[in-house]
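Notes for the one structure printed next.
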Amino acid sequence: MALEPEKIDQSTFDELRRHYTDGDIAELTMFLFFNLGFHTFFGSLKFYPMFAPDGRLVDQEESARIYGEAPASLAGGGGAAPGDGG
Amino acid sequence: MAFLAPKPMDQIEDGDLRRLIARCDELGVPDARFGQILAHKPAQAKAALGAIVHSHFEGNVDHRLKEIIRIQLARLAEDAYFASLRSRKALAAGLTEDMIAAGCGDYEDSPLFGDAWKCALAFAEQMVLDAAKVDAAFYDEMKRHFSEAEIMEIGAFIAIHFGVAKATRPLNLGPAACPGR
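In the order they appear, the protein sequences are chains X and U.
Counting from 84, one number per residue, gives the positions in the first sequence under my numbering.
Counting from 53, one number per residue, gives the positions in the second sequence under my numbering.
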């Protein structure tokens with residue numbers, strides 16, 4: 084959906100229906116409505132976590148120094164997936 | 053043919069959702085068919101439709117500008133359905149197809165728009181094509197024309213309506229029948 088929406092066709096929906104109801108597919112679609120755009124917009128606003136790793140409340144300048152211009156979460160270090168033990 | 057079939061209105065039991073779908077049809081964006089597709093999941097449909105409608109029809113930013121941006125975003129997402137819709141409120145306020153064409157094309161050189169609208173149109177276009185260009189200098193330019201509340205209104209509007217167009221395209225709805233055009 085995000086990278087190559089032209090690849091989504093009838094067969095994609097046939098495969099989705101093997102696993103999900105039409106209600107579930109509608110729900111996933113609505114979830115994507117908001118996630119596709121808001122990550123880009125919020126990314127442009129350049130705001131940083133309010134708290135340092137040690138729990139201190141920090142201002143945006145200090146947070147930017149702590150977390151850097153390229154947050155670890157964008158490099159694949161953002162967290163663990165359910166079931167992988169992390 | 054849409055890959056998810058619209059749910060017939062007489063099968064939508066939630067009265068609030070039926071009224072919201074009817075309101076969408078009156079506004080022109082989105083039309084009833086879109087709401088009927090989302091109605092396969094009624095609770096989420098009410099929240100999603102509510103956000104789509106509120107972000108477009110409420111707020112402080114000129115509704116005609118938002119309508120041009122919405123169509124610009126739908127065209128960038130190559131979504132024929134949302135690109136074909138027109139807000140009746142925007143048309144009544146004087147929005148023309150010439151303005152829409154200019155907004156989706158070479159808006160920078162268009163005599164139809166002032167600097168504020170051109171800046172907002174660039175905001176939407178760059179958010180989609182090259183978000184890295186929406187930097188501190190770009191926001192400084194936006195602040196010359198809009199309050200921070202208005203910038204948030206436009207930014208959230210772009211986020212919602214680009215995501216909606218992008219996620220709607222694969223549903224294969226095709227162009228809508230648009231009264232008033």
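Even glycine gets a Cβ: it sits at the ideal position worked out from N, Cα and C.
Item                                                                                                                                 : Value
Spatially closest choice to U:Val-216 from U:Arg-122, U:Arg-116, U:Gln-63, by CA coordinates                                         : U:Arg-122
Which residues DSSP lists as bridging X:Phe-171, in chain order                                                                      : No answer is possible for residue 171 of chain X: the residues shown for chain X start at 84 and end at 169.
Within-8 angstroms CB hit, X:Ile-91 to chain U                                                                                       : yes
Contact set between the stretch 85–117 of chain X and chain U, restricted to residues whose Cβ is under 7 angstroms from the partner : Pro-88, Ile-91, Gln-93, Phe-96, Asp-105, Gly-106, Ile-108, Ala-109, Glu-110, Thr-112, Met-113, Leu-115, Phe-116, Phe-117
8 angstroms Cβ cutoff met for U:Met-61 and U:Asn-224                                                                                 : no
Beta-carbon neighbours of U:Val-186, restricted to chain X and to distances below 8 angstroms                                        : Ser-127
Cutoff 8 angstroms: X:Gly-151 Cβ touching any chain U Cβ                                                                             : no
Touch test, the stretch 145–164 of chain U against the stretch 181–190 of chain U, Cβ-Cβ under 8 angstroms, three pairs minimum      : no
Terminal residues of the alpha helix (DSSP H) in which U:Lys-170 lies                                                                : 167–181
Minimum C-alpha distance to X:Ala-135 - residue among X:Phe-114, X:Phe-125, X:Tyr-150                                                : X:Tyr-150
Alpha carbon of U:His-197 to alpha carbon of U:Trp-169, nearest angstrom                                                             : 9 angstroms
For U:Leu-79, the nearest candidate out of U:Gly-102, U:Phe-190, U:Leu-90, U:Pro-222 (CA to CA)                                      : U:Gly-102
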